[in-house]
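Novice: This is the structure I have questions about; it appears just below.
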Amino acid sequence: EPEVTQTPSHQVTQMGQEVILRCVPISNHLYFYWYRQILGQKVEFLVSFYNNEISEKSEIFDDQFSVERPDGSNFTLKIRSTKLEDSAMYFCASSERGYGYTFGSGTRLTVV
Amino acid sequence: GIQVEQSPPDLILQEGANSTLRCNFSDSVNNLQWFHQNPWGQLINLFYIPSGTKQNGRLSATTVATERYSLLYISSSQTTDSGVYFCAVSNFGNEKLTFGTGTRLTIIP
Numbered sequence: 003e004p005e006v007t008q009t010p011s012h013q014v015t016q017m018g019q020e021v022i023l024r025c026v027p028i029s030n031h032l033y034f035y036w037y038r039q040i041l042g043q044k045v046e047f048l049v050s051f052y053n054n055e056i057s058e059k060s061e062i063f064d065d066q067f068s069v070e071r072p073d074g075s076n077f078t079l080k081i082r083s084t085k086l087e088d089s090a091m092y093f094c095a096s097s098e099r100g101y102g103y104t105f106g107s108g109t110r111l112t113v114v
Numbered sequence: 041g042i043q044v045e046q047s048p049p050d051l052i053l054q055e056g057a058n059s060t061l062r063c064n065f066s067d068s069v070n071n072l073q074w075f076h077q078n079p080w081g082q083l084i085n086l087f088y089i090p091s092g093t094k095q096n097g098r099l100s101a102t103t104v105a106t107e108r109y110s111l112l113y114i115s116s117s118q119t120t121d122s123g124v125y126f127c128a129v130s131n132f133g134n135e136k137l138t139f140g141t142g143t144r145l146t147i148i149p
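Sequence order for the protein chains is P and V. Position in the first sequence counted from 1, then plus 2, gives you the numbering used here. Position in the second sequence counted from 1, then plus 40, gives you the numbering used here.
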């Protein structure tokens with residue numbers, strides 16, 4: 003079964019540093035997403051991406067965040083100047099309209 | 041936006057027991073999925089079920105879209121079923137999934 007692949011699985015970074023989380027969506031999917039889950043809380047939507055541009059973003063997704071599809075296979079989330087409260091599990095997902103989402107295994111980001 | 045409520049919030053069962061988890065949502069949906077979050081934090085897709093009934097082994101799910109709820113059934117529970125079960129929905133014209141707060145299931149040997 004096709005998978006969404008995320009790297010790294012775990013990243014520790016110092017406060018104020020920039021991090022890039024990477025995702026390889028399923029190859030024939032057209033819609034891409036990032037979600038976040040702070041420890042013990044529910045999964046929250048960050049941003050959706052379609053046709054090489056952001057289609058929707060939440061209020062969480064401020065100027066600190068950016069997304070990019072640098073080539074035909076990768077989808078990245080960049081977090082600039084990380085804060086302690088950015089510590090969370092970040093999930094990438096992709097979908098084909100009408101067939102549901104497939105989530106990656108997540109990247110656990112720890113900001114110290 | 042659409043609201044998603046799950047019940048019960050916590051459920052503790054003996055191995056071999058059956059369980060029913062419920063998801064209520066506040067508006068019409070075009071997508072409903074059930075996920076199992078395992079102890080490592082991974083979200084495992086169980087069902088894509090915006091309407092109707094599906095079964096996969098010991099698990100089955102039913103969504104009654106007109107009454108805005110979905111049920112997840114787990115039969116003959118095993119310890120590996122432990123974790124948090126999330127319901128997530130999206131509605132027409134809006135691609136993002138909205139997650140419920142989850143049901144934490146603990147299966148005791």
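Just so it is clear, CB atoms sit at the ideal spot from N, CA and C, and this is done for glycine as well. Predicted, not measured: the structure shown is a model, and the values here were computed from it.
From S11(P) to R24(P), what does the alpha carbon distance come to, in whole angstroms?
Specialist: By 1-based counting over the first sequence, the position of residue 11(P) is 9. By 1-based counting over the first sequence, the position of residue 24(P) is 22. Answer to the nearest angstrom: the Cα atoms are 10 Å apart.
Novice: So, for G78(V): in the same chain, excluding its five sequence neighbours on each side, which residues have a beta-carbon less than 7 Å away from its beta-carbon?
Specialist: Residue mapping note: residue 78(V) aligns to position 38 of the second sequence, counting from 1. Position check: residue 78(V) holds Asn in this sequence, whereas Gly was assumed. Only I84, G123 meet the Cβ criterion.
Novice: Determine, using beta carbons only, whether Y125(V) comes closer than 8 Å to chain P.
Specialist: Position 85 of the second sequence, counted from the start, is the residue given in the question as residue 125(V). So, not an interface residue.
Novice: Which chain V residues are close to G102(P), counting only those with a beta carbon under 8 Å from its beta carbon?
Specialist: The residue labelled residue 102(P) in the question sits at position 100 within the first sequence. Within chain V, the residues near G102(P) are N71, Q73, N85, Y88.
Novice: Quick check: what's the CA-CA separation for I56(P) versus S116(V)?
Specialist: As a working mapping, residue 56(P) is identified with position 54 in the first sequence. As a working mapping, residue 116(V) is identified with position 76 in the second sequence. So the two alpha carbons sit approximately 44 Å from each other.
Novice: Please check if any C-beta of chain P sits within less than 8 Å of the C-beta of K94(V).
Specialist: Translated into positions along the second sequence, residue 94(V) becomes position 54. It does not; no Cβ of chain P falls within 8 Å.
Novice: Closer than 8 Å is the cut-off here; do at least three beta carbon pairs connect the region 104-113 of chain P with the region 73-93 of chain P?
Specialist: Taking 8 Å as the limit for Cβ pairs, the verdict is that the region 73-93 of chain P does touch the region 104-113 of chain P.
Novice: Between which two residues does the beta strand (DSSP E) containing S12(P) stretch?
Specialist: Along the first sequence, one-based indexing puts residue 12(P) at 10. Strictly speaking, residue 12(P) in this sequence is His, with Ser absent from that position. Its beta strand (DSSP E) spans residues 12-15.
Novice: Out of A105(V), T141(V), L72(V), L99(V), state which residue places its alpha-carbon closest to the alpha-carbon of A57(V).
Specialist: Translated into the one-based positions of the second sequence, residue 57(V) becomes position 17. Looking at the Cα atoms, L99(V) is the closest of the given residues.
Novice: Based on Cα-Cα distance, which residue from T106(V), Q43(V), L112(V) lies nearest to Q95(V)?
Specialist: Counting from one through the second sequence, the residue named residue 95(V) turns up at place 55. Nearest C-alpha to Q95(V): L112(V).
Novice: Of all Cβ atoms in chain V, is any one closer than 8 Å to the Cβ of F63(P)?
Specialist: For the purposes of this step, residue 63(P) is identified with residue 61 of the first sequence, where counting begins at 1. False, the Cβ-Cβ gap to chain V never drops below 8 Å.
Novice: Below 9 Å on C-beta distance, what does F139(V) contact in chain P?
Specialist: Position 99 of the second sequence holds residue 139(V). Residues of chain P passing the Cβ test: Y37, Q39, K44, V45, E46, F47.
Novice: Counting along the chain, where does the beta strand (DSSP E) carrying F126(V) start and finish?
Specialist: Locating residue 126(V) in the second sequence gives position 86, where the first residue counts as 1. That run of the beta strand (DSSP E) goes 123-130.
Novice: Just verifying my parser: in three-state terms, what is the DSSP assignment at T50(V)?
Specialist: In the second sequence, residue 50(V) corresponds to position 10, counting from 1. Note on identity: in this sequence residue 50(V) is Asp, with Thr being the wrong assignment. D50(V) falls in the strand class under three-state DSSP.
Novice: Just the C-alpha distance for N53(P) and I28(P), rounded to the nearest angstrom, thanks.
Specialist: Translated into the one-based positions of the first sequence, residue 53(P) becomes position 51. Translated into the one-based positions of the first sequence, residue 28(P) becomes position 26. Taking the straight line from one Cα to the other gives about 15 Å.
Novice: Closer than 6 Å by C-beta to S66(V): which residues in its own chain qualify, once you throw out the five before and the five after it? Chain order, please.
Specialist: Here residue 66(V) refers to the residue found at position 26 of the second sequence. Cβ neighbours of S66(V) beyond the five flanking positions: I42, Q43.
Novice: Got a sec? Which residues, its chain only, sit under 6 Å from S75(P) by beta carbon, not counting five neighbours each side?
Specialist: The count along the first sequence starts at 1 and reaches residue 75(P) at position 73. The answer, listed in chain order, is V26.
Novice: Output, in chain order, the set of chain V residues within a Cβ distance shorter than 8 Å of E55(P).
Specialist: Start at 1 with the first residue of the first sequence, and residue 55(P) comes out as number 53. Near E55(P) there are no residues of chain V at all, since even the closest Cβ is about 13 Å away, more than 8 Å.
Novice: Would you mind telling me which residues of chain P sit closer than 7 Å to G81(V), beta carbon to beta carbon, in chain order?
Specialist: Numbered from its first residue, the second sequence carries residue 81(V) at position 41. Neighbours of G81(V) on chain P, chain order: M91, G108, R110.
Novice: Grouping DSSP H, G and I as helix and E and B as strand, with all else coil, what is L137(V)?
Specialist: Numbered from its first residue, the second sequence carries residue 137(V) at position 97. Here L137(V) sits in coil by DSSP.
Novice: Contact check, L53(V) vs C127(V) under 8 Å by CB: the rounded distance?
Specialist: The residue given as residue 53(V) occupies position 13 in the second sequence. The residue given as residue 127(V) occupies position 87 in the second sequence. No, L53(V) and C127(V) are not in contact; Cβ-Cβ is about 19 Å, not under 8 Å.
Novice: Under 9 Å, CB to CB, which of the residues in the region 97-115 of chain V have a partner in chain P?
Specialist: Cβ contacts with chain P come from no residue of the region 97-115 of chain V.
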